[in-house]
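Visitor: First, the structure itself, so that you have it in front of you.
Numbering (full-length UniProt numbering), first residue to last: 1 to 363.
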């Protein structure tokens, strides 16, 4: 079957070589006669997969030895609760509000008993179209929470704020797509379904001194318990970890994160340059804050937007409809999305624009 160009924000496109290897190994992994989905998580075969996955992500992100790498479940949304539960410890927690997911993180933190949440910066005044200036965080705060890429709004934070307190980052939609210095963070978390692998896996990278600050937490929600059990306090998402390992191998083959970022910048530049010179399409995001991985764009008409999404789908461009909260269109150009797909999208956009400049609407 011919593959389409999948612009989904997540679950998202995976590298074809990874999918092909999964297919080859699906019925019998490493000559075991069992699928990875059938392997015991206590088996040597799976332990090797887990060890390789951790080793690869440490190499790719240059994670120091004093950080723990955890492969958890519950998505990034569970981290909205786990972070304040584990790190606040009776102190104020500082948050930067840059979009829908940051707002949800703030909302969840406020539900945790004993946690005082302070929103120290926000871009909500201009529909989250920019990254706000982040003021100095009081040293009596427990941590500073930021979202490095705003999937829905299409903004990104490439410069890590200087902070006297640990910086916590939700990197769900741009982890492994841009180079970040892990040493500048106390904790990083990311849902896997955009740049890592299948939905169901969550990557957490946490500095060891932040473990065990709060006693009496439920075991499944305690970073210290998860770290002491090497991500296997309960049965981990074995298949998702296996695919993540293959994706890490693929990223390494592309020149690592730096190589991937260079390609992502090239892909994003092609689309942004076309949008900026177009008299039909426009970007709602300030140029200095534009994401490399999620590119929202609009026409000057909701009817044209609707027609564009429908006709794009008919031409093999899937999942271009913008998030229901913002409308318009959104092209998610994650690591595995091919540059040929961007070129094909631009050609389609030009054709659509030329056909509509006379006011024609087809739905």
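From the three backbone atoms N, C-alpha and C, an ideal C-beta is built for every residue, glycine too.
From a predicted model like this one, the values you see are computed outputs, not experimental measurements.
Only counting runs of 3 or more residues, tell me where the beta strand (DSSP E) segments fall wholly within the stretch 159–229, in order along the chain.
Guide: Taking only runs of at least 3 residues, the beta strand (DSSP E) segments lying wholly in the stretch 159–229 are 167–170, 187–191 and 202–207.
Visitor: Is it the case that the Cβ atoms of residue 179 and residue 261 are separated by a distance below 7 Å?
Guide: Taking the chain shown and counting its residues from 1, the one referred to as residue 179 is at position 179. Taking the chain shown and counting its residues from 1, the one referred to as residue 261 is at position 261. Yes; because the gap between Cβ atoms is below 7 Å, this pair is in contact.
Visitor: Below 8 Å on the Cβ atoms is my contact criterion, and I expect residue 317 with residue 56 to pass it. Report the Cβ-Cβ distance as a whole number of Å.
Guide: Indexing the chain shown from 1 puts residue 317 at position 317. Indexing the chain shown from 1 puts residue 56 at position 56. Not really, about 32 Å apart at Cβ, beyond 8 Å.
Visitor: Among 60, 89, 342 and 69, which one has its Cα closest to the Cα of residue 214?
Guide: By one-based count along the chain shown, residue 214 stands at place 214. The option with the nearest alpha carbon to residue 214 is 89.
Visitor: DSSP beta-bridge partners for residue 5?
Guide: As a first step, residue 5 must be located in the chain shown, where it is residue number 5. BP columns for residue 5 point to 317.
Visitor: List the DSSP bridge partners of residue 144.
Guide: Position 144 of the chain shown, counting from 1, holds the residue named residue 144. Looking at the DSSP assignment, residue 144 forms a beta bridge with 94 and 167.
Visitor: Please report the Cβ distance between residue 29 and residue 19, rounded to the nearest whole angstrom; I am assuming they are in contact, meaning their Cβ atoms lie under 8 Å.
Guide: Within the chain shown, residue 29 is the residue found at index 29, counting from 1. Within the chain shown, residue 19 is the residue found at index 19, counting from 1. Incorrect: roughly 15 Å between the Cβ atoms, too far for contact.
Visitor: Does the contact criterion of 3 or more C-beta pairs under 8 Å hold for the stretch 146–159 versus the stretch 86–104?
Guide: Yes, they touch.
Visitor: Which of the three DSSP states, helix, strand or coil, is assigned to residue 329?
Guide: Numbered from 1 along the chain shown, position 329 holds the residue referred to as residue 329. Of the three classes helix, strand and coil, the one that applies to residue 329 here is strand, per DSSP.
Visitor: Would you tell me roughly how many angstroms separate the C-alpha atoms of residue 218 and residue 279, rounded to the nearest one?
Guide: Position 218 of the chain shown holds residue 218. Position 279 of the chain shown holds residue 279. If you take the alpha carbons of residue 218 and residue 279, they lie about 55 Å apart.
Visitor: Which partner residues does residue 237 have in the DSSP bridge list?
Guide: Counting from 1 along the chain shown, the entry for residue 237 is found at position 237. According to DSSP, residue 237 bridges with nothing at all.
Visitor: For a minimum of 4 consecutive residues, which ranges assigned as the alpha helix (DSSP H) are wholly contained in the stretch 53–141?
Guide: Listed in chain order, the complete alpha helix (DSSP H) runs (minimum 4 residues) inside the stretch 53–141 are 75–87 and 100–111.
Visitor: Could you pull the DSSP bridge partners for residue 296 from this structure?
Guide: Within the chain shown, residue 296 is the residue found at index 296, counting from 1. Residue 296 is bridged to 330.
Visitor: Mapping the DSSP letters down to three states, classify residue 258 as helix, strand or coil.
Guide: Counted from its first residue, the chain shown places residue 258 at position 258. Three-state DSSP puts residue 258 in a helix.
Visitor: Any idea if residue 68 is buried or exposed, counting beta-carbon neighbours within 10 angstroms, 16 or more meaning buried?
Guide: Position 68 of the chain shown, counted from the start, is the residue given in the question as residue 68. With 16 or more other Cβ atoms within 10 Å, it is buried.
Visitor: Enumerate in chain order the residues of its own chain whose CB-to-CB distance from residue 143 is below 8 Å, with the five nearest sequence positions on each side excluded.
Guide: Numbered from 1 along the chain shown, position 143 holds the residue referred to as residue 143. Contacts found: 83, 87, 88, 93, 94, 165, 166, 167, 168, 186 and 187.
Visitor: Whole angstroms is fine: what's the gap from residue 77's alpha carbon to residue 355's?
Guide: As a position in the chain shown, residue 77 is number 77, starting the count at 1. As a position in the chain shown, residue 355 is number 355, starting the count at 1. Distance between the alpha carbons of residue 77 and residue 355 is about 42 Å.
Visitor: Measuring only the C-alpha atoms, how far is residue 134 from residue 119?
Guide: Taking the first residue of the chain shown as 1, we reach residue 134 at position 134. Taking the first residue of the chain shown as 1, we reach residue 119 at position 119. Approximately 10 Å between the Cα atoms of the pair.
Visitor: Where does residue 288 fall in DSSP's three states?
Guide: On the chain shown, residue 288 is found 288 positions in, with the first residue counted as 1. Residue state, collapsed to three classes: helix.
Visitor: Once DSSP output is grouped into helix, strand and coil, what is the label at residue 48?
Guide: Position 48 of the chain shown holds residue 48. The answer is helix: DSSP assigns residue 48 an H, G or I state.
Visitor: Does DSSP put residue 336 in a helix, a strand or coil?
Guide: Translated into positions along the chain shown, residue 336 becomes position 336. Residue state, collapsed to three classes: coil.
Visitor: To which residues of the same chain is residue 163 closer than 7 Å at the C-beta, ignoring the five residues directly before and after it?
Guide: Within the chain shown, residue 163 is the residue found at index 163, counting from 1. Excluding positions up to five away in sequence, the list reads 137 and 144.
Visitor: If we count Cβ pairs, one from each stretch, closer than 8 Å, do we get three or more for the stretch 258–278 versus the stretch 335–353?
Guide: In short, these stretches touch, since the Cβ pair count reaches three.
Visitor: Starting from residue 19, follow the alpha helix (DSSP H) in both directions and report where the run begins and ends.
Guide: Locating residue 19 in the chain shown gives position 19, where the first residue counts as 1. It spans 16–25 - the alpha helix (DSSP H) in which residue 19 sits, taken as one unbroken run.
Visitor: Assign residue 363 to buried or exposed, taking buried as 16 or more other Cβ atoms, counted over all protein chains shown, within 10 Å of its Cβ.
Guide: Against the chain shown, residue 363 aligns to sequence position 363. With a pLDDT of only 43 at residue 363, under the threshold of 50, the placement of this residue in the model should not be trusted; the figure read from the coordinates follows. Its Cβ having fewer than 16 others within 10 Å, residue 363 is exposed.
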